[in-house]
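S.K.:
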Amino acid sequence: MIGEVGHFALVLALVVAVVQAGLPLAGATRGNAAWMAVARPAALLQFGCVALAFAALMHAYVTSDFSLRNVVENSHSAKPLLYKITGLWSNHEGSMLLWVLMLTGFGAAVALFGENLPMALKARVLAVQAMIGVGFLGFILFTSNPFARAFPVPPDGQGLNPILQDPGLAFHPPMLYLGYVGFSMAFSFAVAALLEGRVDAAWARWVRPWTLVAWCALTLGIALGSWWAYYELGWGGWWAWDPVENASFMPWLAGTALLHSAIVAEKRDALKSWTILLALVTFALSLIGTFLVRSGVLSSVHAFAVDPTRGAYILGLLVVVIGGSLTLYAVRAPALNPTGQFAPISRESGLVLNNLLLSTAALTVFLGTLYPLFLDAVGGGKVSVGAPYYNATFVPLMVPLVAVMGVGPLLSWKRADLAGVLLRLRLAAGLAVAVAVGTLWGHVGGGGFAVLGLALAAWLLGATVTELVERLGLRRGGVGGGILARARHLPRSAWGMTLAHAGLAVSIAGISVSAGGQVEHIAAMHPGDQAEVAGYVWRFDGTEPVTGPNYTADRAHFTVSRNGRFVAEQMPELRRYPLQGMTVADVAIHTNGLADLYVVLGDKRGTSPEAAPDAAQATSDWVVRIYYNPLVPWIWFGAGIMAFGGIVSLTDRRLRIGAPVRRRHPAGAAEAAGA
Amino acid sequence: MRRILTILPIVAFAALAGGLALGLGTQPDRLPSALIDQPVPVFGLPPLGAKPGLAQTDLGGRVILVNFFASWCAPCRLEQPALAQLAASGRVPVYGIDYKDKPEDALRWLTSLGDPYGRIGIDRDGRVAIDWGVYGVPETYLIDRAGRVRYRYAGPVTAQILTDEILPRIAALERS
Amino acid sequence: MRRLHALLPALIVALAMTAGPARAVLPDERLADPVLEARARSLGQELRCLVCQNETIDDSNADLAHDLRVLVRQRLTAGDTDPQVLAYLQRRYGDFVLLRPPMKPVTWLLWFGPAGLLIGGLGYLVLAARRRGAPEPMPLTAGEQRRLDALLAEAPAQRPANH
Numbered sequence: 000m001i002g003e004v005g006h007f008a009l010v011l012a013l014v015v016a017v018v019q020a021g022l023p024l025a026g027a028t029r030g031n032a033a034w035m036a037v038a039r040p041a042a043l044l045q046f047g048c049v050a051l052a053f054a055a056l057m058h059a060y061v062t063s064d065f066s067l068r069n070v071v072e073n074s075h076s077a078k079p080l081l082y083k084i085t086g087l088w089s090n091h092e093g094s095m096l097l098w099v100l101m102l103t104g105f106g107a108a109v110a111l112f113g114e115n116l117p118m119a120l121k122a123r124v125l126a127v128q129a130m131i132g133v134g135f136l137g138f139i140l141f142t143s144n145p146f147a148r149a150f151p152v153p154p155d156g157q158g159l160n161p162i163l164q165d166p167g168l169a170f171h172p173p174m175l176y177l178g179y180v181g182f183s184m185a186f187s188f189a190v191a192a193l194l195e196g197r198v199d200a201a202w203a204r205w206v207r208p209w210t211l212v213a214w215c216a217l218t219l220g221i222a223l224g225s226w227w228a229y230y231e232l233g234w235g236g237w238w239a240w241d242p243v244e245n246a247s248f249m250p251w252l253a254g255t256a257l258l259h260s261a262i263v264a265e266k267r268d269a270l271k272s273w274t275i276l277l278a279l280v281t282f283a284l285s286l287i288g289t290f291l292v293r294s295g296v297l298s299s300v301h302a303f304a305v306d307p308t309r310g311a312y313i314l315g316l317l318v319v320v321i322g323g324s325l326t327l328y329a330v331r332a333p334a335l336n337p338t339g340q341f342a343p344i345s346r347e348s349g350l351v352l353n354n355l356l357l358s359t360a361a362l363t364v365f366l367g368t369l370y371p372l373f374l375d376a377v378g379g380g381k382v383s384v385g386a387p388y389y390n391a392t393f394v395p396l397m398v399p400l401v402a403v404m405g406v407g408p409l410l411s412w413k414r415a416d417l418a419g420v421l422l423r424l425r426l427a428a429g430l431a432v433a434v435a436v437g438t439l440w441g442h443v444g445g446g447g448f449a450v451l452g453l454a455l456a457a458w459l460l461g462a463t464v465t466e467l468v469e470r471l472g473l474r475r476g477g478v479g480g481g482i483l484a485r486a487r488h489l490p491r492s493a494w495g496m497t498l499a500h501a502g503l504a505v506s507i508a509g510i511s512v513s514a515g516g517q518v519e520h521i522a523a524m525h526p527g528d529q530a531e532v533a534g535y536v537w538r539f540d541g542t543e544p545v546t547g548p549n550y551t552a553d554r555a556h557f558t559v560s561r562n563g564r565f566v567a568e569q570m571p572e573l574r575r576y577p578l579q580g581m582t583v584a585d586v587a588i589h590t591n592g593l594a595d596l597y598v599v600l601g602d603k604r605g606t607s608p609e610a611a612p613d614a615a616q617a618t619s620d621w622v623v624r625i626y627y628n629p630l631v632p633w634i635w636f637g638a639g640i641m642a643f644g645g646i647v648s649l650t651d652r653r654l655r656i657g658a659p660v661r662r663r664h665p666a667g668a669a670e671a672a673g674a
Numbered sequence: 000m001r002r003i004l005t006i007l008p009i010v011a012f013a014a015l016a017g018g019l020a021l022g023l024g025t026q027p028d029r030l031p032s033a034l035i036d037q038p039v040p041v042f043g044l045p046p047l048g049a050k051p052g053l054a055q056t057d058l059g060g061r062v063i064l065v066n067f068f069a070s071w072c073a074p075c076r077l078e079q080p081a082l083a084q085l086a087a088s089g090r091v092p093v094y095g096i097d098y099k100d101k102p103e104d105a106l107r108w109l110t111s112l113g114d115p116y117g118r119i120g121i122d123r124d125g126r127v128a129i130d131w132g133v134y135g136v137p138e139t140y141l142i143d144r145a146g147r148v149r150y151r152y153a154g155p156v157t158a159q160i161l162t163d164e165i166l167p168r169i170a171a172l173e174r175s
Numbered sequence: 000m001r002r003l004h005a006l007l008p009a010l011i012v013a014l015a016m017t018a019g020p021a022r023a024v025l026p027d028e029r030l031a032d033p034v035l036e037a038r039a040r041s042l043g044q045e046l047r048c049l050v051c052q053n054e055t056i057d058d059s060n061a062d063l064a065h066d067l068r069v070l071v072r073q074r075l076t077a078g079d080t081d082p083q084v085l086a087y088l089q090r091r092y093g094d095f096v097l098l099r100p101p102m103k104p105v106t107w108l109l110w111f112g113p114a115g116l117l118i119g120g121l122g123y124l125v126l127a128a129r130r131r132g133a134p135e136p137m138p139l140t141a142g143e144q145r146r147l148d149a150l151l152a153e154a155p156a157q158r159p160a161n162h
């Protein structure tokens, strides 16, 4: 019964979406206010219906209703409640429903909170949003119905994969989808602007908060996924350039470019065409990512159970949405004339360079991910593209990007004095050099990669702090006196930028040092053995059998000390899940914020399969992998700081009040400059 | 110039969509053999049981089918009937390479399922298989009269595959 | 910038040699000679496990990955150079086994595409900037001119910050 309610709610949502897609759009073209007014209630109703459907499915999961095929395949009565709930979106059908819930949720938010949007623009935005909704609701109803019945009703479900029952993984998909779907808002705004034939400062101001929300969510989603892979999979790494990882990274790169480009469009009435294109491309990349993960065209550890017919449908959706919007762009974009001019050296041009570098980075990841597929499809043979390719092409792009990031915020709009700016950055440059020398001297480990990365991170941090200091007027007024007042009056978006750039510096430091400076120790150990890694000593105290709710395990005990002093006790496990026939290692990690001590327990054989596995010695030997990971936690700290910076920016007053309008009055110049 | 730049994205997307559409028809995990049209690698494998062993000198002169199998390989069971049928017909010699197997296990397996092979080489450490570019069992190769590898099928050779893929190719190789 | 150019190839080589963690390398697969073992590990990051979804042979527990790891070490002990070891496997398994796509005409777009876009983009920007010329400041209106004269006539104030 509940399943039928949910199914019906989806059908109703589709009908509403069709209406919402057509009527307001026609109304905007004809100037019919009644038709345009349909958008608001339609968006709210659409969201209500999808929310109802979502609640119905959630109810089925929570009550373990195995009459629904989706619940049978992905849940089990013995699952803890939290994972029953999060299991809803761990599969294809359920995650699509979550997608659409967020899509309609964003539409409803614009309908409710977009009071200061002009009627025509709002109508068009909601209409475009509804068109996307039609596509996805159709996809769900025709190919991926979560409310399909299972008959006969089985006694229990099949979904009890232990690896997926983890808090970090449970929240990674919703964060990602919030990001992907959030960019649909920027897309809808962009298409609406193209239809109107106008992009102005107000438009850019309205787009920014939605893009920021999406960007923050995507940043956190990617960071969560990467962190989960690190602590759960026992591989010691955190990014494999897997196609599905790349599918989330590409929209992030494009979205970052979009955020920055929108600033120029808003403040200087320039880069309009580029901002629109980035808005279209970012969402296009989100859609393409969805296609890659669910269609079976790429092999990946992450891919959902594959189905080429679903793939064909999504491809059709891509062609309509992306092809349609890009065609509109080709037709309408040349008419978008920027009025803001700027010199070759200016903040605008710095942001243009930023756009170019980020776009190239996104293209690099795109090429690497799709080239094997493309080449195979046209009969050019099969090639593999792995980490070596990205290390050679993507990483070098980051060097000029970070360099420019340091300089850009200090450049003035329209025309800037580069020499003067570089002079003001001499402290940051000095810091970078000092860090480079210090890294070489102190043998931090990691070779050239770590040196360069740390120097870049120091440069970026130094430059960001320099900018903040100048803004607070510390150079002029000195500390004390009005500094707190100036800090209070500094717009939140300035704080946001400082935090975001500083966060990136922290992440870069973490990435460089951990990639190059990781120390690995693999050995067969038996109780009593000791291993020394990076100055720490691990003593293997033996193992004990342990039982969990759905597994049996061997738990090893290690005592870690340094210079004779106790540091930690680490207890990695090797778990066997009899129901699934899986053996999974539970990694033990001890962190002090600056480095991780990471221990993985392997099989109970010190020797490889061919050599004597029956020797008495071998049965009490365990394969142990010990890693010393310097600065790894900073990778995720940095991401968190970046996302926090984005959230701080979101709370900026100006984003809620709306953009000022420039007026050419004799006394008006001062007002307009208040933006 | 502006026009060209604004048209570029849609053109690029059209190419991409075409590629993705074609890509839907491919299989990401099927690997074509790197040895196609190359001479068979040099190898010599000891015999299994009473049958003679297998070396590259035994290949050539006529079209031959070489099949990699193992007793521990479940899908290999599926292809034994078709292989037995082919061997019984005498169309082409059917030779086998036993991959990373214990001789006694392999002999037991062949006894219970039937033995279609005219010659069997046993590849204990799998090194010969690596020379052939084998990445899983079962795999089946067609060798032409000049001793070159001309076709590889990865997966069990069912009766359907035999009729649709193997036999026509054997005929073509014999004609040329 | 010139210094960066010199640094870049070294950087790329340094990056290429960075061996990552390995989930599956077993203790007794390793060679006694640390130099050879380090080479084996960095080669392990360049080779794809053919029966896995996107893993290197160092990260996969599959039998074939183990065999290939052992094979790599045997070839290194026999005196092969790094490119020779990779070529040995490429001859048997094709380009697919290499995680760094080989440079040949069909992969030119892959290798040179990003640089091409960057250079092309920069070139376009430079040309566009040159064509545009320096921006002309808009002339002041009469009212604005009066205000400016009045301001200049006052005592010189602090110069505002550059925002």
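Residue numbers (numbering that gives the first Met the number 0), protein chains in the order written: chain A, 0 to 674; chain B, 0 to 175; chain C, 0 to 162.
Beta carbons: idealized from backbone N, C-alpha and C, even for Gly.
Model, not experiment: these values are computed from the prediction.
1. Over the uninterrupted alpha helix (DSSP H) stretch that includes Phe570/A, give me the two end residues.
2. Is the segment 111-118 of chain B in contact with the segment 135-143 of chain B, if contact means three or more CB pairs nearer than 8 Å?
3. Mind checking the segment 50-77 of chain B against chain C and listing, in chain order, the residues whose C-beta falls within less than 7 Å of any C-beta there?
4. Is the segment 146-165 of chain A close to the segment 567-582 of chain A, with three or more CB pairs under 8 Å?
5. List the whole-angstrom C-beta distance separating Trp214/A from Ala228/A, where the pair is believed to meet the contact cut-off of C-beta under 8 Å.
6. Between the alpha carbons of Ala428/A and Asp651/A, how many angstroms are there, rounded?
7. Ignore the nearest five residues each way along the sequence and tell me which others in Ala334/A's own chain have a CB closer than 7 Å to its CB.
8. What residues of chain B sit near Lys381/A, judged by a beta carbon separation below 8 Å?
9. Does the beta-carbon distance from Leu98/C to Pro395/A come in below 7 Å?
10. Identify, in the order they occur along the chain, each residue of the same chain with its Cβ nearer than 7 Å to the Cβ of Val93/B, setting aside the five sequence neighbours on each side.
11. Please state whether the Cβ-Cβ distance between Val84/C and Arg74/C is less than 7 Å.
12. Please state if the CB of Lys83/A and the CB of Ser74/A are separated by a distance shorter than 7 Å.
13. I need the straight-line Cα distance from Thr392/A to Trp110/C, nearest angstrom please.
14. Under a CB-based cut-off of 7 Å, is Pro102/B close to chain A?
15. When we look at the beta-carbon of Tyr535/A and count the other beta-carbons within 10 Å, is it buried (16 or more) or exposed?
16. Within the continuous alpha helix (DSSP H) that includes Ser187/A, where are the two ends?
17. Starting from the Cα of Trp251/A, find the closest Cα among Gly235/A, Ala278/A, Leu81/A and Ile510/A and give me that residue.
18. What does the Cβ neighbour count give for His171/A, buried or exposed, with the cut at 16 atoms within 10 Å?
19. Please look up how many angstroms separate the CB atoms of Leu46/C and Leu67/C, rounded, as I've assumed it's under 8 Å.
20. Applying the 10 Å Cβ sphere with the 16-neighbour rule, what's the burial state of Glu670/A?
21. In three-state terms, what does DSSP make of His4/C?
22. What are the residues that DSSP puts in a beta bridge with Glu138/B?
23. Measuring alpha carbon to alpha carbon, tell me which residue in Leu43/A, Gly516/A, Thr28/A and Leu483/A is nearest Gln128/A.
24. Starting from Gln44/C, find everything on chain A with Cβ-Cβ shorter than 9 Å and list it in chain order.
25. Any residues in the segment 306-339 of chain A with a beta carbon nearer than 7 Å to a beta carbon of chain B? Which ones, in chain order?
26. To which residues of the same chain is Arg168/B closer than 8 Å at the C-beta, ignoring the five residues directly before and after it?
27. Find the residues of chain B that neighbour Asp27/C, judging by a C-beta separation of less than 9 Å, and give them in chain order.
28. Look up Trp621/A in the DSSP assignment and say whether it is helix, strand or coil.
29. Which residues, in chain order, does the segment 104-133 of chain B contribute to contact with chain C at a C-beta distance below 7 Å?
30. Using a Cβ cut-off of 7 Å, pull out every chain B residue sitting near Arg72/C, in sequence order please.
31. Closer than 8 Å is the cut-off here; do at least three beta carbon pairs connect the segment 173-185 of chain A with the segment 219-233 of chain A?
32. Give me the chain C residues within the contact set of Tyr82/A, using Cβ-Cβ distance strictly less than 7 Å, ordered along the chain.
33. Please decide whether Pro137/B counts as near chain A, where near means a Cβ-Cβ distance under 7 Å.
34. Have a look at the DSSP bridge pairing and note the partners of Ala594/A.
35. Could you pull out every residue in the same chain whose Cβ sits closer than 6 Å to the Cβ of His58/A, ignoring the five residues on either side in sequence?
M.R.: On the basis of the supplied data:
1. Locating residue 570/A in the first sequence gives position 571, counting from the first residue. A small correction: the amino acid at residue 570/A is Met; Phe does not occupy that position in the sequence shown. It is not in any alpha helix (DSSP H) - Met570/A carries neither H nor E in the DSSP assignment.
2. no
3. none
4. yes
5. In the first sequence, counting from the first residue as 1, residue 214/A sits at position 215. In the first sequence, counting from the first residue as 1, residue 228/A sits at position 229. Incorrect: roughly 22 Å between the Cβ atoms, too far for contact.
6. Position 429 of the first sequence holds residue 428/A. Position 652 of the first sequence holds residue 651/A. Approximately 31 Å, taken between the alpha carbons.
7. Against the first sequence, residue 334/A aligns to sequence position 335. Non-local beta-carbon contacts of Ala334/A in its own chain, meaning distances under 7 Å to residues more than five positions away in sequence, involve Gly196 in chain order.
8. Counting from 1 along the first sequence, the entry for residue 381/A is found at position 382. The contacting residues are Leu30 and Pro31.
9. As a first step, residue 98/C must be located in the third sequence, where it is residue number 99. As a first step, residue 395/A must be located in the first sequence, where it is residue number 396. Contact: no.
10. Position 94 of the second sequence, counted from the start, is the residue given in the question as residue 93/B. The residues are Leu64, Asn66, Leu82, Leu85, Ala86, Pro115, Tyr116 and Gly117.
11. Here residue 84/C refers to the residue found at position 85 when the third sequence is read from its first residue. Here residue 74/C refers to the residue found at position 75 when the third sequence is read from its first residue. Yes, these two residues count as a Cβ contact at 7 Å.
12. Working through the first sequence from its first residue, we reach residue 74/A at position 75. Working through the first sequence from its first residue, we reach residue 83/A at position 84. For the pair Ser74/A and Lys83/A, the CB atoms are nearer than the 7 Å cut-off.
13. Here residue 392/A corresponds to residue number 393 of the first sequence, with the count starting at 1. Here residue 110/C corresponds to residue number 111 of the third sequence, with the count starting at 1. The alpha-carbon atoms of Thr392/A and Trp110/C are separated by roughly 8 Å.
14. As a position in the second sequence, residue 102/B is number 103, starting the count at 1. Not closer than 7 Å to any Cβ of chain A, the Cβ of Pro102/B fails to qualify, so no.
15. On the first sequence, residue 535/A is found 536 positions in, with the first residue counted as 1. Taking every protein chain shown into account, the CB of Tyr535/A has 16 or more other CB atoms within 10 angstroms, so this residue is buried.
16. Indexing the first sequence from 1 puts residue 187/A at position 188. That run of the alpha helix (DSSP H) goes Pro166 to Glu195.
17. Working through the first sequence from its first residue, we reach residue 251/A at position 252. Here the closest residue by C-alpha is Ala278/A.
18. As a first step, residue 171/A must be located in the first sequence, where it is residue number 172. With 16 or more other Cβ atoms within 10 Å, it is buried.
19. Taking the first residue of the third sequence as 1, we reach residue 46/C at position 47. Taking the first residue of the third sequence as 1, we reach residue 67/C at position 68. About 6 Å; that satisfies the 8 Å criterion.
20. As a working mapping, residue 670/A is identified with position 671 in the first sequence. Residue placement at Glu670/A is flagged as unreliable, the pLDDT there being 41, under the threshold of 50; the coordinate-derived value follows with that caveat. Exposed, by the Cβ-count rule.
21. As a position in the third sequence, residue 4/C is number 5, starting the count at 1. Its pLDDT being 47, under 50, His4/C is placed unreliably in this model, and the coordinates cannot settle the point.
22. Here residue 138/B is taken as the residue at index 139 of the second sequence, counted from 1. Bridge partners of Glu138/B: Phe67/B and Ala153/B.
23. Within the first sequence, numbered from 1, the residue matching residue 128/A stands at position 129. Nearest option by C-alpha distance: Leu43/A.
24. For the purposes of this step, residue 44/C is taken as the residue at position 45 of the third sequence. Within 9 Å Cβ-Cβ: Gly385, Ala386 and Pro387.
25. Hits within the stretch, in order: Pro307, Gly310, Ala311, Leu314, Leu317, Val318, Ile321, Gly322, Leu325, Thr326, Tyr328, Ala329, Ala332 and Pro333.
26. Position 169 of the second sequence, counted from the start, is the residue given in the question as residue 168/B. Here the set comprises Leu141, Arg149 and Tyr150.
27. Within the third sequence, residue 27/C is the residue found at index 28, counting from 1. Here the premise fails: no neighbours, minimum Cβ distance about 16 Å.
28. Position 622 of the first sequence, counted from the start, is the residue given in the question as residue 621/A. Trp621/A: strand per DSSP, three-state reduction.
29. Under the 7 Å Cβ criterion, the segment 104-133 of chain B contributes Gly125, Ile129, Asp130 and Gly132.
30. Reading the third sequence from its first residue, position 73 is the one you call residue 72/C. Those within 7 Å of Arg72/C in chain B number zero; the least Cβ separation is about 13 Å.
31. yes
32. Along the first sequence, one-based indexing puts residue 82/A at 83. The premise fails here: Tyr82/A is roughly 24 Å from chain C at the closest Cβ pair, so nothing lies under 7 Å.
33. To locate residue 137/B, count along the second sequence from 1; it is residue 138. Output row for Pro137/B: interface = no.
34. Here residue 594/A refers to the residue found at position 595 of the first sequence. In DSSP, Ala594/A forms a bridge with Pro629/A.
35. For this step, residue 58/A is matched to residue 59 along the first sequence. Cβ neighbours of His58/A beyond the five flanking positions: Ile1.
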